[in-house]
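Encoded as structure tokens, the structure appears first; notes follow it.
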Amino acid sequence: MEFLPEIKPYRLDLLHSVTAESEEPLSTGQIKRIETLMRNLMPWRKGPFSLYGVNIDTEWRSDWKWIVFCPIFLI
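Note that the sequence shown covers residues 1 to 75 in this note's numbering.
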């Protein structure tokens with residue numbers, strides 16, 4: 001985390017995926033830095049993630065789990 005660019009998220013979504021967006025577009029350098037640092041965390045087991053325009057699909061889609069279980073728990 002300490003190596004990531006210091007960006008305050010404008011919008012966070014943790015319901016459908018882990019998503020962070022900025023109000024202003026990030027520079028190409030910031031995006032490349034996020035991509036490089038995220039690759040160091042491979043393999044990604046749970047997700048999906050979208051961090052400031054860097055989309056990461058994963059082996060296990062945690063959001064699909066909740067689509068299946070939510071109707072069962074809400075009965």
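Just so it is clear, CB atoms sit at the ideal spot from N, CA and C, and this is done for glycine as well.
Anyone know if the C-beta pair for residue i and residue j falls short of 7 Å?
| i | j | result |
| --- | --- | --- |
| Glu21 | Arg11 | yes |
| Ile56 | Trp44 | yes |
| Thr19 | Ser50 | yes |
So, under 8 Å CB-CB, residue i and residue j are touching, yes? Tell me the CB distance rounded to an integer number of Å.
| i | j | result |
| --- | --- | --- |
| Ile31 | Gly53 | 6 Å |
Starting from residue i, trace the alpha helix (DSSP H) in both directions and tell me its first and last residue.
| i | result |
| --- | --- |
| Ile31 | 28–39 |
Kindly indicate the opening and closing residues of the beta strand (DSSP E) around residue i.
| i | result |
| --- | --- |
| Leu12 | 11–13 |
| Thr19 | 18–21 |
| Ile56 | 54–56 |
Using alpha carbons as the reference points, say which of the options lies closest to residue i.
| i | options | result |
| --- | --- | --- |
| Ile7 | Asp13, Leu26, His16 | Leu26 |
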